[in-house]
Amino acid sequence: MDTFVFVLVIAGACGFTVLNGFRDVANAIAGAVRTGALQPRIAVVGAAAFAFIGTLLSTSFSLALLDRASFHYHSPASGLGLLLAAIISATAWLLWTWFRGIPHSSTHALFAGLAGALLASALLHPEDPIGVPLLILGGVLIPTIVTPVVAYIVSFAVTIPATWFMRHSTSSRVTRVSRGAQAVTSLAVSLGNGLQDGQRNAALLTFAFVIYTGTETTDSIPWWAPLTAALCMGLGALGGGWRITHTIGYRLVRFDPLRGATAQGVSALLLFAGALVLHLPLSTTQAVTSSIVGAGANQRFESVIWANVLRVATYWLTGPVICLGLGWLLYLAMHPLLG
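Residue numbers (this note's numbering): 2 to 340.
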C-alpha cells in the first residue's frame with residue numbers, strides 16, 4: 002500500500018507542477034505580450050526556459066520549506082495520504098480557476114489543502130500534535146494579505162520616479178526603452194517563479210520521498226527532485242495559460258510598456274527576496290497581479306477596472322477556505338484505505 006500511495010503522490014505532484022507552470026506562465030508574459038514587448042511564442046519559450054533555470058538555480062528555499070514541514074503521521078501511508086489530499090484539492094481548485102480565467106496562487110491552494118488534511122487527521126487522532134495554525138498563518142494568511150499590499154504600494158511608488166526619469170524623452174523612445182526593459186523583467190519574473198514555485202514543488206517531491214523511505218534528515222535535496230520539478234514546470238509553461246494571460250493583460254487594468262516594465266521589475270524583486278533572502282512562500286500570481294494594478298493605477302486617467310479586480314480578490318480570499326475544506330473531506334474519505 003505504501004508504494005502504491007507513494008506512486009500516486011509522485012504522479013499527482015508532477016501533474017500539479019505541470020499545471021503550476023501552465024498557469025503561472027501567464028504572470029510572466031501577460032504584460033509583455035499585452036504591450037508588444039515580446040511575441041507570444043517567444044515569450045512562452047523564454048518563460049519556460051527561465052522557470053526551468055530558476056527551479057535548478059538553488060535549493061536553499063526547498064530546504065527551508067522542508068525544515069518547516071514537520072507534522073505527525075501514524076504511518077508512511079497516512080503521511081503520504083495527507084500530501085495526496087492536499088495535491089488533489091489544490092489541483093481541482095486551480096483547474097476550476099483556470100477555466101474561469103482567474104489568476105490564483107497555487108502555493109496557497111496547496112498549503113490550505115494540506116492544512117485541511119491535517120485537521121481531518123487531528124479529528125481522527127485528537128491526541129496528536131498538529132502544526133495547522135502555523136501552516137495557515139505563515140503559509141496562507143500572512144502572504145495572502147501582505148504580498149498584494151506590498152506589491153501594489155511599491156509598484157505604485159516606483160512608477161513615480163520611473164515616469165519622472167523619462168519625462169523629457171519622446172513617446173517613441175519611452176516605448177522602445179520600456180519594451181526592452183519589459184522583455185528582460187518578464188524573464189526575471191519567470192526566473193523568480195522557478196525560485197519560488199519550482200523549488201516548492203521540488204520540496205514537495207522530496208518530502209514525499211522522505212515519508213516513504215523513513216529518512217530522518219532533510220539536509221539535502223535528492224538530485225532528481227529539482228530536476229523533475231524543473232522539467233514539469235517548463236513543460237507546463239509551454240502551454241501558455243492564455244485564459245489567465247488574457248485576464249491579467251486585458252481585463253484588470255490598461256497600462257503602457259513603462260508601467261508594465263515597472264510592475265514586472267517589482268514582482269521579480271519580491272520573488273527573489275522571498276526565495277533567496279527571507280525564505281518565504283510568496284505567490285507569483287499575487288505579486289504580479291497586484292504590481293500591475295498598482296502601476297496602472299498611477300496614471301492621470303482611470304485605468305483600473307475595479308470590478309474585475311474585486312472579483313479576483315474574492316477568489317484569493319475564498320480559495321484557501323475551499324481548498325482547506327476539500328483537503329479535509331478527501332483525507333477523511335481516503336483514511337480507511339490507508340490503514
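Just so you know, even glycine gets a beta-carbon here, dropped at the ideal spot from N, CA and C.
Could you check the C-alpha separation between residue i and residue j for me, to the nearest Å?
i	j	result
Leu124	Gln265	43 Å
Phe208	Ile143	23 Å
Phe53	Val46	11 Å
Leu39	Ala33	5 Å
Ala393	Leu115	The question about residue 393 has no answer, for the chain in this structure spans 2 to 340.
Ile11	His75	20 Å
Thr145	Val310	15 Å
Arg101	Arg244	8 Å
Trp97	Val19	15 Å
Met1	Gly16	Within the shown structure, residues of the chain are numbered from 2 to 340, placing residue 1 beyond reach of any answer.
Gly215	Ala49	34 Å
Leu333	Val6	15 Å
Ala288	His109	13 Å
Ala231	Gly199	6 Å
Leu228	Leu57	7 Å
Ser156	Ala298	10 Å
Leu111	Leu330	15 Å
Leu223	Trp165	Sequence check: residue 223 is Pro here, not Leu. The straight-line gap from Cα to Cα measures roughly 49 Å.
Ala31	His280	26 Å
Ser122	Leu205	19 Å
Phe210	Ala203	11 Å
Ala158	Arg260	11 Å
Val278	Val147	17 Å
Thr315	Ile103	10 Å
Phe51	Pro127	45 Å
Thr286	Thr171	33 Å
Ala118	Cys324	10 Å
Arg35	Val178	16 Å
Ser59	Arg312	35 Å
Ser173	Ala44	22 Å
Leu338	Ala113	23 Å
Ala86	Ile212	15 Å
Trp225	Gly326	32 Å
Trp162	Gly328	The amino acid at residue 162 is misidentified as Trp; the sequence shows Pro. Roughly 45 Å between the two C-alpha positions.
Leu9	Leu120	22 Å
Pro282	Gly37	31 Å
Arg201	Gln300	36 Å
Please name the residue or residues paired with residue i in a DSSP beta bridge.
i	result
Val305	Val254
Where does residue i sit, in a helix, a strand or coil, going by DSSP?
i	result
Gln197	helix
Ala38	coil
His105	coil
Gly215	coil
Gly240	coil
Leu85	helix
Trp225	helix
Leu344	Outside the displayed range of the chain (2 to 340) lies residue 344, so it cannot be described from this structure.
Pro282	coil
His247	helix
Tyr332	helix
Gln300	coil
Ser268	helix
Ser76	coil
Pro337	helix
Pro127	coil
So with Cβ pairs under 7 Å, would you call residue i a contact of chain E?
i	result
Met234	Although the question refers to chain E, the structure presented lacks it and comprises just one protein chain.
Query raised in the report: Can you find at least 3 beta carbon pairs, one from the stretch 245 to 254 and one from the stretch 75 to 88, that sit closer than 8 Å?
Result: no
Query - the stretch 292 to 310 / the stretch 149 to 160 touching (three or more Cβ pairs under 8 Å) - result: yes
**Report entry** Touching by the beta-carbon criterion (3+ pairs, under 8 Å), the stretch 297 to 308 and the stretch 273 to 285
**Finding:** no
Report task. Would you be able to state if there are at least three C-beta pairs under 8 Å between the stretch 231 to 250 and the stretch 5 to 25? Result -> yes
**Report entry** Inter-stretch contact (C-beta, 8 Å, three-pair minimum) for the stretch 317 to 327 and the stretch 181 to 190
**Finding:** no
Query - Completely contained alpha helix (DSSP H) runs for the stretch 135 to 187, where each covers 4 or more residues - result: 143 to 166
Query - Segments of 4+ residues assigned as alpha helix (DSSP H) that fall wholly inside the stretch 14 to 59 - result: 41 to 58
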